[in-house]
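Chemist: Sequence positions in the sequence shown follow our numbering and run 861 to 1036.
Handing you a structure now.
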Amino acid sequence: DAVAVGVFDTAIRGYVPRTGNLGSIHNIMNVLAEFNPSQQTSVGSVLHEVAGQIKRKGIVILISDLFDDEEKILQGLQHIRFGGSEVIVFHVMDPFELDFPFWGMVEFDGLEQIPKILTRPREIRKSYLQAVEDFRRKIREGCERNNVHYVLVNTGHAVHEVISGYLAFRLKTHTR
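Okay, here's the thing in structure tokens:
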């Protein structure tokens, strides 16, 4: 099958156009290996940009931590779906983000323009985990409303387990 690949932060920074040529795998690997993202992302606006560039229906796979404005992300996903493409979201999160297993006094480095914070994780663990669950639920439910497949990817699990699990789910749902 033909495939295209794009990498982005605030805009698309690397792109390999749609091709069915097996030799393009080297171009794809180079784009992925050479990508050096900025400290910020703009998932929603990039999704709108991608939606405007899609000329043929296909499958769009978004692999991201989705740390951006949830509503803008969901609007971008809806824009792609409106064009007729199938969309799959692989929501990538680290086990420490999901479990928050920290103790004592910890300084957290902020990402994407958020400053460092020194805190006692035990005191904020419950509210942190609730905020993460609310964030995930909002994204997951928004994906469901737009008929977008949502897959949580815990980076503590092997990639082949995540992919084979999703492919088994897909096979089961498409053979009914």
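Beta carbons are placed, not taken as given, at the ideal position from N, Cα and C, and that holds for glycine.
Bear in mind the structure is a predicted one, so any value in this text is a computation, not a measurement.
Could you tell me if residue 1016 is buried or exposed, where buried requires 16 or more neighbouring beta carbons within 10 angstroms of its beta carbon?
Modeler: Exposed is the call here.
Chemist: Taking only runs of the alpha helix (DSSP H) that begin and end inside the segment 951-1017, which ones reach a length of at least 4 residues, in chain order?
Modeler: 955-959, 981-1005
Chemist: How many Å lie between residue 978 and residue 1027 at the Cα?
Modeler: C-alpha separation (whole angstroms): 41 Å.
Chemist: Which same chain residues end up closer than 8 Å to residue 901 when comparing Cβ atoms and leaving out the 5 residues on each side of it in sequence?
Modeler: The residues are 868, 869, 870, 924, 927, 928, 972.
Chemist: Quick check: is the beta carbon of residue 973 nearer than 7 Å to any beta carbon in chain D?
Modeler: Any reference to chain D falls outside this structure, which holds one protein chain only.
Chemist: How big is the Cα-Cα spacing for residue 910 and residue 946?
Modeler: If you take the alpha carbons of residue 910 and residue 946, they lie about 13 Å apart.
Chemist: Roughly how far, in whole angstroms, is the beta-carbon of residue 933 from the beta-carbon of residue 903, given that I think they are within contact range, below 8 Å?
Modeler: 5 Å
Chemist: Does the segment 937-944 come within contact of the segment 978-989, defined as at least 3 CB pairs closer than 8 Å?
Modeler: Short answer: they don't touch.
Chemist: Could you tell me the distance, in whole angstroms, from the CA atom of residue 1006 to the CA atom of residue 965?
Modeler: 42 Å
Chemist: Please determine, among 937, 961, 974, the residue with the shortest C-alpha to C-alpha distance to residue 1010.
Modeler: When each option's Cα is compared against that of residue 1010, the closest is 937.
Chemist: At the level of alpha carbons, what is the spacing between residue 874 and residue 891?
Modeler: 6 Å
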